[in-house]
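So the protein sequences, as listed, match chains W and C.
Take the first sequence: its position 26, counting from 1, is numbered 26 in this note's numbering, and each next residue is one higher.
Take the second sequence: its position 56, counting from 1, is numbered 1056 in this note's numbering, and each next residue is one higher.
Where is the CB? At the ideal position from N, CA and C, for every residue including glycine.
Keep in mind that this is a model prediction, so the values were computed, not measured.
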Amino acid sequence: MRRLLMLLLVLLAPAVMADTPVRSFVAGSLAQIQAARQGKPFVLAFWSIGCTHCPTELKTLGDLKRRHPKLDVVLVAADTPDDAPQTALLAKSYGLGKVEQWVFADLMPERLRFEIDRRWYGELPRTHFYDRNHKVEAVSGVVPEERLQRWIREAL
Amino acid sequence: MVVLSQFASRKGRQLLLSFFGLAMFASLASAHEAHGQAATPSPMAKHWQDRLTAAVGSSVSVAADESGRLWLARMEKGHVWVSRSDDGGKTFAGEAKVNAEPEAILADGQNRPKVVAGGGVVAVTWAQALPKLHTGHVRFSRSVDGGRSFSAPIIVNSDREEIGHSFPTLAMNGQGRMVLVWLDSREKVAQTKAGKKHLGSSIFYVVSENRGETFSANTMLADHSCECCRIGLAFAPNGEAQAQWRHVFGDNIRDFAIAPLVPGAKVQRASEDDWKIAACPHHGGDLAIDESGRRHLVWFTGSPKGPGIYYRYADGEKMSPPLALGNPDAQAGNPAIFARNGRAWLTWREFDGKQYRVMTQRSDDRGEKWSTPKELATAGNAADLPLFVAGAEKPLLAWYADGVVRIFDLGTQP
Chain W
1 MRRLLMLLLV LLAPAVMADT PVRSFVAGSL AQIQAARQGK PFVLAFWSIG
51 CTHCPTELKT LGDLKRRHPK LDVVLVAADT PDDAPQTALL AKSYGLGKVE
101 QWVFADLMPE RLRFEIDRRW YGELPRTHFY DRNHKVEAVS GVVPEERLQR
151 WIREAL
Chain C
1001 MVVLSQFASR KGRQLLLSFF GLAMFASLAS AHEAHGQAAT PSPMAKHWQD
1051 RLTAAVGSSV SVAADESGRL WLARMEKGHV WVSRSDDGGK TFAGEAKVNA
1101 EPEAILADGQ NRPKVVAGGG VVAVTWAQAL PKLHTGHVRF SRSVDGGRSF
1151 SAPIIVNSDR EEIGHSFPTL AMNGQGRMVL VWLDSREKVA QTKAGKKHLG
1201 SSIFYVVSEN RGETFSANTM LADHSCECCR IGLAFAPNGE AQAQWRHVFG
1251 DNIRDFAIAP LVPGAKVQRA SEDDWKIAAC PHHGGDLAID ESGRRHLVWF
1301 TGSPKGPGIY YRYADGEKMS PPLALGNPDA QAGNPAIFAR NGRAWLTWRE
1351 FDGKQYRVMT QRSDDRGEKW STPKELATAG NAADLPLFVA GAEKPLLAWY
1401 ADGVVRIFDL GTQP
């Protein structure tokens, strides 16, 4: 049985390995993310490997994604491109392996934040809720699950 | 679960996870968490260690001794390096390796190797990252031969578990009293093990009366500090050191607090922003104490009431109203303060969309009135936070930007 299981795993590995590649988030990336979602609501979630409170947020998002497959989550890790393999692994462990993933690719993260939200000082997690008209509500810190549920009821 | 053991790597486990679908998620995730507590580092943690050991730190610190000589501490490839400047910071030379064996060292943002100098001693503290994420040891080493050689680094935290002991900072006064303060999660771990909810981390300290030759026992100054903001530290004229840090008041109000490093110290709330946030903002403040004992405080809050950076002074329990600093649309942040001889200087960093700029303001009446903000310097590449030179008699500002440490004497600025 164990051998069979192993064999199955080996055979199917290429299929299950096909996760979203982590893209480099640079100046202009935000516009790209938005343009690909014209007229559609989505959640833009900023996080980082080194952020103490981010796992709580990602776990919640992963659970919601499972219950609401239509929920469009875009993950942006405020780390560096070197960290991409790790951010991908972590995202996957929270059930977010298939969502669009980006990682900061700028020596000056302030430059990216300047474009994203001038009044964002880098606190993480940071969640931007986009409604259909792309009106944005930004929340710093772990978003309470009720708040996420409410957004899903209203936006999806 | 026997099958799992055949997969040495985390990737293997996650492959299984994808394959068998989500029904198994909960049990596997908990198994992984339990495994994460064990001594074997995960591939991710290993990668984290290797990267830190290979890196060049993006944060440095500079201290002055009583002769005005400057000492720079920086991290490169797993070592802390200390060099000296005899020309006010124009050039640094005689770089010495502090830790003989390379180790993973945190030297970016709110964590930095911190140097002090005086009385023939040059001393450094830093945070060594351990394999498990968010864990570390507080390290300390000193030189008694003019920075030529350094003692074997010690671990300052008496708790040696692989948990959080990090963000150390150091100060020394003219009498040779040295204080070392850091963020420590031993209390959190103990409370969590006992099944209690524990918000934040704790502030711990040690004191030395002989310039770091020996230290007092680890003492908790306050429980429930924020987890990853730098700590402000200064000596009062009576020789008592005080710390300023982001505290967790109640259920996640993350405002600032201040307390002297004495047994049974009363924690004084130092900002009333009521910033409720389930996160650590990685954004601490700074503290200076002038000859009269007036405490000058700067800090950051993201409170919806008024996000941004602020200054105030405190005479005992009496505090001035917070004064907003900087341009909030330019990410004005990480303020620092210096107070001496009735005057005070402020600095912070902004980003204008293209480059970083260091801003300054001066007060000639102990913090009552302030000059208009002035741009001191800019940098078009990665830049550290502006900091005042520790132990200097003058308002010397150090800024590591564009790969160079620049020193400015704000006392000679117009």
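Asked	Found
Is there a C-beta anywhere in chain W that falls below 8 Å from the one on Arg1406(C)?	no
Which residue's Cα is closest to the Cα of Arg1362(C): Lys1318(C), Tyr1311(C), Phe1215(C) and Gly1316(C)?	Tyr1311(C)
Please decide whether Ala1377(C) counts as near chain W, where near means a Cβ-Cβ distance under 8 Å.	no
Check the Cβ of Pro125(W) against every Cβ in chain C and list those closer than 8 Å, keeping chain order.	Ala1279
Say whether chain C places a C-beta atom closer than 8 Å to the C-beta of Asp79(W).	no
In the DSSP assignment, what are the bridge partners of Asp1286(C)?	Val1298(C)
Select from the segment 1188-1206 of chain C all residues with a C-beta closer than 7 Å to any C-beta belonging to chain W, and list them in chain order.	none
Threshold first: 3 residues or longer. Then list the beta strand (DSSP E) segments lying entirely within the segment 1081-1149 of chain C, N to C.	1093-1097, 1114-1118, 1121-1129 and 1136-1143
Drop a sphere of 10 angstroms on the beta-carbon of Ser1201(C), count the other beta-carbons inside from all chains shown, and report buried for 16 or more, exposed for fewer.	buried
Could you have a look at Phe114(W) and say whether DSSP puts it in helix, strand or coil?	helix
Nearest-angstrom Cα distance between Gly1403(C) and Ala1383(C)?	8 Å
Go through its chain and collect everything with a Cβ distance to Lys1305(C)'s Cβ below 7 Å, but skip five positions before and after it.	Asp1273 and Asp1274
Counting only beta-carbon atoms, is His1137(C) nearer than 8 Å to chain W?	no
Ignoring anything shorter than 4 residues, give me the alpha helix (DSSP H) runs that lie fully in the segment 1043-1083 of chain C, in order along the chain.	1043-1054
If we count Cβ pairs, one from each stretch, closer than 8 Å, do we get three or more for the segment 1354-1372 of chain C versus the segment 1082-1098 of chain C?	no
Determine the direct distance from the alpha carbon of Lys1276(C) to that of Pro1307(C), and round the result to whole angstroms.	12 Å
Who are the neighbours of His68(W) on chain C, taking C-beta pairs under 9 Å?	Here the premise fails: no neighbours, minimum Cβ distance about 14 Å.
For Ala1382(C), which of helix, strand or coil comes out of DSSP?	coil
Return the residue from the list His134(W), Ala88(W), Glu146(W) and Ala138(W) that minimises the CA-CA distance to Ile33(W).	His134(W)
Comparing the C-beta of His1165(C) with each C-beta of chain W, is any distance below 8 Å?	no
Please report how far the alpha carbon of Ala1152(C) lies from the alpha carbon of Pro1386(C), in whole angstroms.	30 Å
CB Ile1309(C) to CB Gly1333(C), shorter than 8 Å?	yes
Could you tell me if Ala1039(C) is buried or exposed, where buried requires 16 or more neighbouring beta carbons within 10 angstroms of its beta carbon?	For Ala1039(C), the pLDDT reaches just 44, beneath the cut-off of 50, and the residue's location in the model is therefore unreliable, although a value from the coordinates is still provided. Per the 10 Å Cβ criterion, exposed.
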